[in-house]
Amino acid sequence: TVGAVARDQAGHVAAATSTGGITGKRWGRIGDAPIIGAGTYADDRACAVSATGSGEFFIREGVAHEICARVRFAGETLKQAGDTVMAETKALGGSGGVILTGPRGEIAWSFNTPGMYRGHVSAGGKRVVAIY
Amino acid sequence: SDWTLVIHGGAGVIERERMTPEREAAARAGLNAALDAGQKVLSGGGTALDAVEAAVKVLEDDPNFNAGRGAVYTYDGTNELDAAIMDGRTRAAGAVAGVTRTRHPVSLARKVMEDSPHVFLGGKGADQFSAERGLEQVDPAWFGTPERKRQLDELKAKDVSWFDVDMKYG
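Chains as they are written, first to last, in this note's numbering: chain L, 95 to 226; chain B, 69 to 238.
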């Protein structure tokens with residue numbers, strides 16, 4: 095699964111996710127990537143989220159919307175909200191990760207797997223590309 | 069920051085002991101290319117929506133990642149692609165599932181968002197919508213790669229579940 099979140103110069107955020115699913119899937123199985131609120135969500139009032147991982151668990155938890163809701167209503171940072179929701183997802187048996195950005199230019203990610211291919215860049219910031 | 073871009077790209081190997089220098093270099097090159105595409109949009113004053121689409125399209129074209137070309141195979145040996153996009157300004161959203169002929173599924177998701185009254189289209193109907201709206205179509209064989217076929221064959225040979233972590237390349 096691949097994805098991107100961005101904040102533009104006008105302060106707006108967006109999210110996108112794309113995937114082939116999981117090897118050997120049957121019966122028209124669909125994971126979280128195309129489910130708005132599970133694998134993908136964007137709201138200028140909170141943040142933008144793209145997720146990758148064991149989709150069934152991300153759907154049950156409503157991961158992307160849950161993170162945005164915690165930012166919006168509980169005032170958590172992106173990192174706090176991401177870590178909390180990923181911990182709850184892990185407790186259900188799910189694994190994977192999320193990338194996040196917010197309308198003030200915050201950047202965060204959270205994952206509970208040994209690695210996650212990821213990167214970020216920002217105006218005036220250092221580019222980061224990492225796997226583990 | 070004035071603008072930000074964050075990406076992820078699943079390439080199928082997350083355990084250090086299974087990673088090779090060649091695989092890691094290819095994955096890093098793909099991630100950098102996606103960052104380049106999104107950065108070009110954002111640094112030029114473009115929208116976050118255009119930036120995330122641009123970045124994801126690069127990863128969809130890169131056979132190292134499980135999306136678009138290089139997607140994993142279904143049990144029946146086909147490639148079925150899913151994508152979504154969302155605009156934080158308005159919370160407009162578009163999504164597609166099980167599409168088989170659109171080169172860039174993320175662009176089809178955006179088309180659903182911007183050029184239909186719906187949020188989520190699936191299967192044959194989504195393929196039909198894509199063709200009718202003039203998105204780039206490809207033969208389904210475009211998406212497959214020998215490595216992904218090998219992974220499917222390995223999964224079938226071992227007769228394990230998708231949820232066996234060692235076999236879950238998606």
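Don't be surprised by glycine CBs; every beta carbon is placed ideally from N, CA and C. Quick caveat, the model's predicted, so the values are computed rather than measured.
Per-residue burial, residue i [other beta carbons within 10 Å of its own, 16 or more giving buried]
i: LYS119 (chain L); result: buried
i: LYS179 (chain B); result: buried
i: GLU160 (chain L); result: buried
i: ASP207 (chain B); result: exposed
i: ARG212 (chain L); result: buried
i: LEU186 (chain L); result: exposed
i: VAL209 (chain B); result: Reading off the sequence, residue 209 (chain B) comes out as Ala, not Val. So ALA209 (chain B) counts as exposed.
i: THR134 (chain L); result: buried
i: GLN196 (chain B); result: exposed
Within-8 Å CB hit, residue i to chain L
i: PHE133 (chain B); result: yes
i: PRO173 (chain B); result: yes
i: MET154 (chain B); result: yes
i: LEU127 (chain B); result: yes
i: HIS76 (chain B); result: yes
i: VAL180 (chain B); result: no
i: TRP210 (chain B); result: no
Pairwise C-alpha distance: residue j and residue i
i: LEU103 (chain B); j: MET210 (chain L); result: 16 Å
i: GLU200 (chain L); j: ARG221 (chain L); result: 14 Å
i: LEU176 (chain B); j: LYS226 (chain B); result: 35 Å
i: ALA168 (chain L); j: ARG139 (chain L); result: 12 Å
i: ASP260 (chain L); j: ALA199 (chain B); result: In the structure as shown, chain L starts at 95 and stops at 226, and residue 260 (chain L) therefore has no counterpart that could be examined.
i: GLY188 (chain L); j: ASP118 (chain B); result: 31 Å
i: GLU85 (chain B); j: LEU220 (chain B); result: 21 Å
i: ARG169 (chain B); j: ALA152 (chain B); result: 16 Å
i: VAL157 (chain L); j: THR183 (chain L); result: 8 Å
i: ARG101 (chain L); j: THR146 (chain L); result: 20 Å
i: VAL126 (chain B); j: ALA105 (chain B); result: 7 Å
i: LEU194 (chain L); j: GLY162 (chain B); result: 19 Å
i: TRP203 (chain L); j: ILE129 (chain L); result: 20 Å
i: GLU215 (chain B); j: LEU223 (chain B); result: 12 Å
i: PRO131 (chain B); j: ALA139 (chain B); result: 7 Å
i: MET154 (chain B); j: SER148 (chain L); result: 21 Å
i: GLU155 (chain L); j: PHE205 (chain L); result: 15 Å
i: CYS141 (chain L); j: VAL165 (chain L); result: 8 Å
i: ILE153 (chain L); j: ASP126 (chain L); result: 5 Å
i: THR88 (chain B); j: ALA95 (chain B); result: 11 Å
i: ASN147 (chain B); j: GLU204 (chain B); result: 17 Å
i: GLU182 (chain B); j: GLU170 (chain L); result: 32 Å
Chain B within 8 Å of residue i, Cβ atoms only
i: ARG212 (chain L); result: yes
i: VAL157 (chain L); result: no
i: ARG101 (chain L); result: yes
i: GLY188 (chain L); result: no
i: ARG120 (chain L); result: yes
i: SER204 (chain L); result: no
i: ILE116 (chain L); result: yes
i: ALA98 (chain L); result: yes
Query raised in the report: Which whole runs of the alpha helix (DSSP H) in the stretch 108-168 of chain L are 4 residues long or more, in chain order?
Result: 149-155, 157-168
Report task. Identify every run of the beta strand (DSSP E) within the stretch 157-196 of chain B, keeping only runs that are complete inside it and at least 3 residues long; order them along the chain. Result -> 160-167, 188-190
Report task. Taking only beta carbons into account, state which residues of the stretch 156-172 of chain B come closer than 7 Å to chain L, listed in chain order. Result -> GLY156, ARG157, ARG159, ALA161, ALA163, VAL164, ALA165, GLY166
Query raised in the report: Which residues, in chain order, does the stretch 212-226 of chain B contribute to contact with chain L at a C-beta distance below 8 Å?
Result: ARG216, GLN219, LEU220, LEU223, LYS224
Query raised in the report: Where are the alpha helix (DSSP H) runs, 4 residues long or more, that stay fully inside the stretch 103-166 of chain B, in chain order?
Result: 116-129
Query raised in the report: Which residues, in order along the stretch 95-120 of chain B, keep a beta-carbon less than 9 Å from a beta-carbon of chain L?
Result: ALA95, ARG96, GLY98, LEU99, ASN100, ALA102, LEU103, ASP104, GLY106, GLN107, VAL109, LEU110, SER111, GLY113, GLY114, THR115, ALA116, LEU117, ASP118, ALA119, VAL120
Query raised in the report: Can you list the beta strand (DSSP E) stretches of 3 or more residues lying completely in the stretch 200-228 of chain B, in chain order?
Result: none
Requested in this report: Kindly provide the ranges of any beta strand (DSSP E) runs that are 3 or more residues long and lie completely inside the stretch 175-223 of chain L, ordered along the chain.
Outcome: 190-195, 201-205, 212-216
Query raised in the report: the stretch 170-199 of chain L: which residues have C-beta closer than 8 Å to a C-beta of chain B, in chain order?
Result: SER189, GLY191, ILE193, LEU194, THR195, PRO197, GLY199
Query raised in the report: When you check each C-beta in the stretch 213-225 of chain L against every C-beta of chain B, which residues fall closer than 8 Å?
Result: GLY213, HIS214, VAL215, SER216, ALA217, GLY218, GLY219, ARG221, VAL223, ILE225
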